[in-house]
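Undergrad:
Numbering (this note's numbering), first residue to last: 11 to 70.
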């Protein structure tokens, strides 16, 4: 996914008053970026989500 597409999806979600709980990005070089917005859940470990390929968008 390209930067413009990612930005447009975020803008659409926020414009439609959707709550964003978590963002996970896997870069083409294999690096991962995870951002959690739920302050009540301060667990940085994401053990219950081992299927990163299903829900992570890949960017270039």
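Note that beta-carbon positions come from the ideal geometry of N, C-alpha and C, so glycine has one too.
None of the values given here were measured: they were computed from a predicted structure.
For the beta strand (DSSP E) that residue 46 lies in, which residues bound it at each end?
TA: The residue given as residue 46 occupies position 36 in the chain shown. Counting along the chain, the beta strand (DSSP E) containing residue 46 begins and ends at 42-46.
Undergrad: Output yes or no for whether 7 Å exceeds the beta carbon distance between residue 32 and residue 23.
TA: Residue mapping note: residue 32 aligns to position 22 of the chain shown, counting from 1. Residue mapping note: residue 23 aligns to position 13 of the chain shown, counting from 1. Not closer than 7 Å, so no.
Undergrad: With distances taken Cα to Cα, identify the nearest neighbour of residue 36 among 18, 44, 27.
TA: Against the chain shown, residue 36 aligns to sequence position 26. For residue 36, the nearest C-alpha among the options comes from 44.
Undergrad: Could you check the C-alpha separation between residue 40 and residue 12 for me, to the nearest Å?
TA: In the chain shown, counting from the first residue as 1, residue 40 sits at position 30. In the chain shown, counting from the first residue as 1, residue 12 sits at position 2. Near 16 Å, if we compare the C-alpha coordinates of residue 12 and residue 40.
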